[in-house]
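Letter by letter, the sequence shown follows residues 8 to 396 in the working numbering.
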Amino acid sequence: MSRSRLVLTVLLLLLGAGPVCVHEDAGEKLSPPVIVGPAVWYTNSLFTISLTGGRVEGRRLSYQVMVDTGAPESWTAYFPDAETIRHYLCFTTTGVHSVRARVRDTKGLESDWSAPYQVTIVQSPPMPESLAGPDAGVAGYEYQFQVRVRDPDGDSVAVRFDWGDGTVSPWSGCQPSGSLFSLSHVYQDTGIYFIRAQARDVQGDTSGWCDPLRFDVCRRWVTVLNEGFEQGFPGPGWQVRGEPTWDTTGYRQQAGRFSIWCAGSSREPSQGYPPQMGAIAIYGPFSLADADSGRVEFWHWTDSEYGHDMLFWFVMVDSVNYYICGQAGGNVRSWQRVEIDLTDVPGLGSVCGRERVWVGWVFNSDLSTEYEGAYLDGVVIRKCVFRQE
Numbered sequence: 008m009s010r011s012r013l014v015l016t017v018l019l020l021l022l023g024a025g026p027v028c029v030h031e032d033a034g035e036k037l038s039p040p041v042i043v044g045p046a047v048w049y050t051n052s053l054f055t056i057s058l059t060g061g062r063v064e065g066r067r068l069s070y071q072v073m074v075d076t077g078a079p080e081s082w083t084a085y086f087p088d089a090e091t092i093r094h095y096l097c098f099t100t101t102g103v104h105s106v107r108a109r110v111r112d113t114k115g116l117e118s119d120w121s122a123p124y125q126v127t128i129v130q131s132p133p134m135p136e137s138l139a140g141p142d143a144g145v146a147g148y149e150y151q152f153q154v155r156v157r158d159p160d161g162d163s164v165a166v167r168f169d170w171g172d173g174t175v176s177p178w179s180g181c182q183p184s185g186s187l188f189s190l191s192h193v194y195q196d197t198g199i200y201f202i203r204a205q206a207r208d209v210q211g212d213t214s215g216w217c218d219p220l221r222f223d224v225c226r227r228w229v230t231v232l233n234e235g236f237e238q239g240f241p242g243p244g245w246q247v248r249g250e251p252t253w254d255t256t257g258y259r260q261q262a263g264r265f266s267i268w269c270a271g272s273s274r275e276p277s278q279g280y281p282p283q284m285g286a287i288a289i290y291g292p293f294s295l296a297d298a299d300s301g302r303v304e305f306w307h308w309t310d311s312e313y314g315h316d317m318l319f320w321f322v323m324v325d326s327v328n329y330y331i332c333g334q335a336g337g338n339v340r341s342w343q344r345v346e347i348d349l350t351d352v353p354g355l356g357s358v359c360g361r362e363r364v365w366v367g368w369v370f371n372s373d374l375s376t377e378y379e380g381a382y383l384d385g386v387v388i389r390k391c392v393f394r395q396e
């Protein structure tokens, strides 16, 4: 038999025997995921670790986590390869805990378990809540501030305050978890101070410092405007633009008998505001030349089509350009308090030190879908005068 006929015979025999199956993943091995997380965490407190699998083109990965020597958790949903996912853990006991993970692709191929990620769990420290107290005062007077402290383990707690002027109070006496602590301080110098609190339990576990409370200390506070709209509108210093525009109403009020409504010059609130209106109310100018701090406080009640019919509030320093400080819209339908910090106006920074400043409000509506509109009440402008007379 010739060599060519022999080769042909072998090929025919192979074809007659059916297809030869070779798994396309033969020899392929998935890499275990990489685990990243904090080295130290606290009991009874949720924290996050990140899991990142390798790259397997055209396939997605599911993750499985095993904590210490316990049973593995259920497989997660499938995610794109090489994507980092978050996994949440919480331990109730102190000590060193190990976490391992592995991946599985959409063809059922699994990796080995990863090297252990280890986290040291320590007793949770007490947590001070937000500080409460006045936001401004006068040098030489005593002011009181409060903070509530809760310990996750129920231990008794103590607090101390960093007053922001270079002094830190001694640790208070211990009180039960959840207690409200009150401490007082006298500032001798004018300035802007940031007060913080720290907590410690009877085991010696100490928290970080809580978020600071700003406290302005001045020679005296001066009220530039205290407007409740009880004496008619627009009064001295006020100007209005547009038609219809802002005017007094007794339909709603935050305090007293009256407020101003965005279309009150020619309509009743029961009618709602009209389309295509632009009602503006401005107060000023007033001087902040002698001030290092200032605030505008007011209340608004708003019912409008959100994103289309909106109330804006703004600050001006040249009677032309508006610097928007905030906005409101939608079906809020309750009185909301707003504060404008005149040391931090968007686009301007501080306007304190300027001779001429205006504040204002504008309500705009589009072509359709009208509601009740916007009301203003209780407008107060104050400045903190640091310099001696």
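Every residue, glycine too, gets a C-beta built ideally from N, C-alpha and C.
Could you round the C-beta distance between VAL63 and LEU37 to whole angstroms and report it? I think they count as a contact, below 8 Å.
Approximately 7 Å separates the beta-carbon atoms of VAL63 and LEU37; this is inside 8 Å, confirming the contact.
I'd like the list of long-range same chain contacts for GLY333, defined as Cβ closer than 8 Å, with 5 residues on each side in sequence excluded.
So the list reads PHE319, TRP320, VAL345, ILE347, once near-sequence residues are dropped.
Roughly how many angstroms lie between the CA atoms of ILE289 and TRP365, to the nearest whole one?
Near 7 Å, if we compare the C-alpha coordinates of TRP365 and ILE289.
For SER179, the three-state DSSP class (helix, strand or coil)
Residue state for SER179 is assigned as coil, using DSSP reduced to three classes.
Below 8 Å, how does it come out for the segment 109-125 and the segment 154-164: are there three or more Cβ pairs, yes or no?
Below 8 Å, too few C-beta pairs join the segment 109-125 and the segment 154-164 to call them touching: fewer than three.
Kindly list the residues whose CB is nearer than 6 Å to the CB of GLN261, restricted to its own chain and excluding five residues on each side of it in sequence; keep chain order.
These residues qualify, in order along the chain: TRP306, TRP342, ASP384, GLY385.
I'd like the list of long-range same chain contacts for ARG340, defined as Cβ closer than 6 Å, with 5 residues on each side in sequence excluded.
Counting only Cβ-Cβ distances below 6 Å, and skipping sequence neighbours, we find ASP310.
Report the partner residues of ALA288 according to the DSSP bridge assignment.
Looking at the DSSP assignment, ALA288 forms a beta bridge with VAL247, TRP368.
Below 8 Å between beta carbons: does that hold for VAL41 and THR55?
Not closer than 8 Å, so no.
Cα separation between ALA465 and ILE128?
The structure shown has nothing for residue 465, since the chain only spans 8 to 396.
Using 8 Å as the threshold, is the C-beta distance between VAL74 and VAL103 below it?
No, the Cβ-Cβ distance between VAL74 and VAL103 is not below 8 Å.
I need the DSSP call for GLN205, collapsed to helix, strand or coil.
Here GLN205 carries a strand assignment [DSSP, helix/strand/coil].
Where SER4 and ALA84 are concerned, what is the direct C-alpha to C-alpha distance, given to the nearest angstrom?
There is no way to answer for residue 4, as the model of the chain reaches only from 8 to 396.
Where does SER277 sit, in a helix, a strand or coil, going by DSSP?
Looking at SER277 - three-state DSSP - the assignment turns out to be helix.
Does the beta-carbon distance from CYS225 to SER294 come in below 8 Å?
No, these two residues do not count as a Cβ contact at 8 Å.
Restricting to Cα atoms, I'd like to know which of LYS390, MET317, TRP268, GLN195 is closest to ASP373.
Nearest in C-alpha terms to ASP373, of all of LYS390, MET317, TRP268, GLN195, is MET317.
Any idea what DSSP makes of GLN125, helix, strand or coil?
Residue state, collapsed to three classes: strand.
DSSP state of TRP170, grouped into three classes?
Correct three-state label for TRP170: coil.
Coil, strand or helix - LYS114 by DSSP:
Residue state, collapsed to three classes: coil.
CA nearest to the CA of GLY271, picked from ALA122, ALA298, PHE240
Ranking the options by Cα distance to GLY271, first place goes to PHE240.
Three or more C-beta pairs under 8 Å: does that hold for the segment 193-212 against the segment 139-148?
With a cut-off of 8 Å, the segment 139-148 and the segment 193-212 count as touching, because enough Cβ pairs lie within range.
For ASP373, which of helix, strand or coil comes out of DSSP?
Assignment of ASP373 by DSSP, reduced to helix, strand and coil, places it in the coil class.
What residue does the beta strand (DSSP E) around VAL72 start on, and which one ends it?
Looking at the DSSP string, the run of the beta strand (DSSP E) that includes VAL72 is 67-74.
Could you say which of GLN125, PRO219, ARG302 lies nearest to ARG203 if we only look at CA atoms?
Selected option, being the one with the closest Cα: PRO219.
Does the contact criterion of 3 or more C-beta pairs under 8 Å hold for the segment 180-191 versus the segment 158-169?
Verdict: yes, contact present.
If distances are taken between C-alpha atoms only, which option among THR76, PRO87, GLY77 comes closest to GLY65?
Answer by Cα proximity: PRO87.
Limits of the beta strand (DSSP E) - the one that GLN343 falls within
Per DSSP, GLN343 belongs to the beta strand (DSSP E) from 343-348.
Could you tell me the alpha carbon to alpha carbon distance between VAL352 and PHE188, rounded to whole angstroms?
Using only the alpha carbons, I get a separation of about 34 Å.
Under 7 Å Cβ to Cβ from PRO292, same chain only, skipping five residues before and after it: list those, please.
Here the set comprises ARG363, VAL364, TRP365.
HIS192 lies in the beta strand (DSSP E); which residues open and close that run?
Per DSSP, HIS192 belongs to the beta strand (DSSP E) from 187-193.
Is any beta-carbon of chain B found at less than 8 Å from that of LEU190?
Considering every chain present, this structure includes no chain B. It has just one protein chain.
Ordered list of beta strand (DSSP E) runs contained in the segment 130-168, each at least 3 residues
Taken in chain order, the complete beta strand (DSSP E) segments of 3 residues or longer contained in the segment 130-168 are 143-145, 149-157.
Since PHE152 and GLY171 are thought to touch, with beta carbons under 8 Å apart, how far apart are those beta carbons, to the nearest angstrom?
The C-beta separation of PHE152 from GLY171 comes to about 11 Å, leaving the pair out of contact by the 8 Å criterion.
Does VAL303 come out as helix, strand or coil in the three-state DSSP assignment?
Note: VAL303 maps to strand in three-state DSSP.
With distances taken between CB atoms, is the gap from ALA296 to ARG361 smaller than 8 Å?
Between ALA296 and ARG361, the CB-CB gap stays under 8 Å.
Could you give the distance in angstroms between the alpha-carbon of GLU304 and the alpha-carbon of GLY44?
Distance between the alpha carbons of GLU304 and GLY44: 44 Å.
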